[in-house]
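A short worksheet on the structure shown next.
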Amino acid sequence: MGEAEARRLAHRFRRAIEDGAPLKRDIIFERFPYGSCGDAALLLGRFLREQGAVDVRYVLGTRKLGDSWSSHAWLNVDGLTVDITADQFEDMEEAVIVAVASPWHERIFELDEDEQPGDYRAYDDHTVSRLNGLYARLLRAMIVEPPPPTHRQA
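The opening residue of the sequence shown carries number 369 in the working numbering; numbering runs sequentially from there.
This is the structure in structure tokens:
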């Protein structure tokens, strides 16, 4: 999947989370993007695979701020860094990052070397069951109704 297509789809997916409020009842997404990076990445991973991405990997990084540690998750999609929750951090203004290389991710986070599949369907039954419902709601939120047919006047 190319960078332009990945960017278009990532923005579309993020808008579906924000606009339609299909996930607001889920405790993980109540304060989106805060604290929802893991599930958001896995949901996006399935969507991007279904849209033609070949290699989708879940990436987990940790960072130390003062005396505390925090973690963050995003995707590596066909060699691209794809992150739809980066703006949960004060030092990042961009809501969506899609790039061949992301200096922010590379500079700020220490990466977990154990890469995981970027599609939630590869995980345990509980994860699959919970995220399947959220994914179905997101897809419904992204469907654009076709305009009504126009009739030619004679």
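Built from N, CA and C at the ideal position, the CB exists for glycine as well. Every value quoted in this text rests on a predicted model; they were computed, and no experiment measured them.
Is it the case that the stretch 463 to 482 contacts the stretch 424 to 435, given that we only count it when at least three CB pairs across the two stretches are under 8 Å?
yes
Which value, in whole angstroms, describes the spacing of the CA atoms of Gly413 and Asp435?
32 Å
Got a sec? Which residues, its chain only, sit under 7 Å from Asp455 by beta carbon, not counting five neighbours each side?
Pro401, Glu461, Glu462, Ala463
Candidates Phe415, Gly403, Ala509: which alpha carbon is nearest Ser439's?
Gly403
From the DSSP output, in three-state form, read off Asp451 for me.
Annotated three-state conformation of Asp451 is strand, per DSSP.
Counterpart residues of Trp472 in DSSP-defined beta bridges
DSSP output for Trp472 lists no bridge partner at all.
To the nearest whole angstrom, what separates the beta carbons of Leu443 and Arg425, a pair I think is in contact under 8 Å?
About 7 Å separates the two Cβ atoms, so the contact holds.
May I ask you to report which of helix, strand or coil DSSP gives Tyr426?
Under the three-state reduction of DSSP, Tyr426 is assigned to strand.
Where DSSP assigns a beta bridge to Val496, which residues make up the other side?
Bridge partners of Val496: none, in fact.
Out of Val468, Gly486, Leu377, which has the shortest C-alpha to C-alpha gap to Asp423?
Gly486
Give the DSSP bridge partners of Leu433, in chain order.
Ser436
In whole angstroms, what is the alpha-carbon distance linking Glu474 and Ala490?
26 Å
Which residue comes first and which comes last in the beta strand (DSSP E) that contains Ala384?
Taken as a continuous stretch (DSSP letters only), Ala384 belongs to no beta strand (DSSP E), being part of the alpha helix (DSSP H) at 371 to 387.
Rounded to a whole number of angstroms, what is the C-alpha to C-alpha distance between Arg383 and Ile452?
10 Å
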